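Asks: I'd like to ask some things about the structure below.
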Amino acid sequence: MANEATEIAAQIQQALLLAEQGDLTGSEALYHKVLEQEPENPLALYGLAQLAGAIDDQEVKEVLLAQAIEQLANKAGPDQQSLAATWLTELAEVLFTLNRPTDAMNCLKQCENLIVENLKTPPAS
Numbered sequence: 468m469a470n471e472a473t474e475i476a477a478q479i480q481q482a483l484l485l486a487e488q489g490d491l492t493g494s495e496a497l498y499h500k501v502l503e504q505e506p507e508n509p510l511a512l513y514g515l516a517q518l519a520g521a522i523d524d525q526e527v528k529e530v531l532l533a534q535a536i537e538q539l540a541n542k543a544g545p546d547q548q549s550l551a552a553t554w555l556t557e558l559a560e561v562l563f564t565l566n567r568p569t570d571a572m573n574c575l576k577q578c579e580n581l582i583v584e585n586l587k588t589p590p591a592s
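Structure, rendered in structure tokens:
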């Protein structure tokens, strides 16, 4: 199990590196490989969303970001909630781009609620 998690983390890092180097196809293939092993991996979904944004496919980016946020929300820790809040702001930007300001404002409200809730959570000791 730990070996698989390490392998998945390495694949995600490699996918990020490939995307930074401009190899979007190679990056996409690695993210899909991660999703074959762990179908609801939020980091792989987020990575695919970033690739969709890189080719200006805002509709696909919206769907993938929403899936990534949903999967991240299933993980309970404050770090994950902070990351979900960050991704919600990015989703709001996509929704504004798609001329859906009401949906974007709802995302920002969700983001605000997550931040407030996270501030109430005592730090891990």
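In this text, residue positions in the sequence shown follow my numbering: the first is 468, and each later residue adds one. By construction, the Cβ of each residue, glycine as well, lies at the ideal position given by its N, Cα and C atoms. Predicted, not measured: the structure shown is a model, and the values here were computed from it.
On the CB-based measure, 16 or more other CB atoms within 10 Å of its CB, does N508 come out buried or exposed?
Replies: buried
Asks: Please go through the same chain and pick out, in chain order, the residues whose beta-carbon is closer than 6 Å to the beta-carbon of E529, but skip the five residues on each side of it.
Replies: For E529, the CB contacts under 6 Å within the same chain, skipping 5 residues up- and downstream, are V561 in chain order.
Asks: Take the Cβ of A551 as the centre, count every other Cβ of all protein chains shown within 10 Å, and call the residue buried at 16 or more, exposed below.
Replies: buried
Asks: Using beta-carbon positions only, say whether L512 and L531 come within less than 7 Å of one another.
Replies: yes
Asks: Assign I522 to one of three DSSP states: helix, strand, or coil.
Replies: coil
Asks: Under the assumption that T564 contacts Q525 (Cβ atoms under 8 Å), give the Cβ distance between them as a whole number of angstroms.
Replies: 5 Å
Asks: Tell me the rounded alpha-carbon separation between A559 and L515.
Replies: 17 Å
Asks: Please go through the same chain and pick out, in chain order, the residues whose beta-carbon is closer than 7 Å to the beta-carbon of S549, but skip the five residues on each side of it.
Replies: N585
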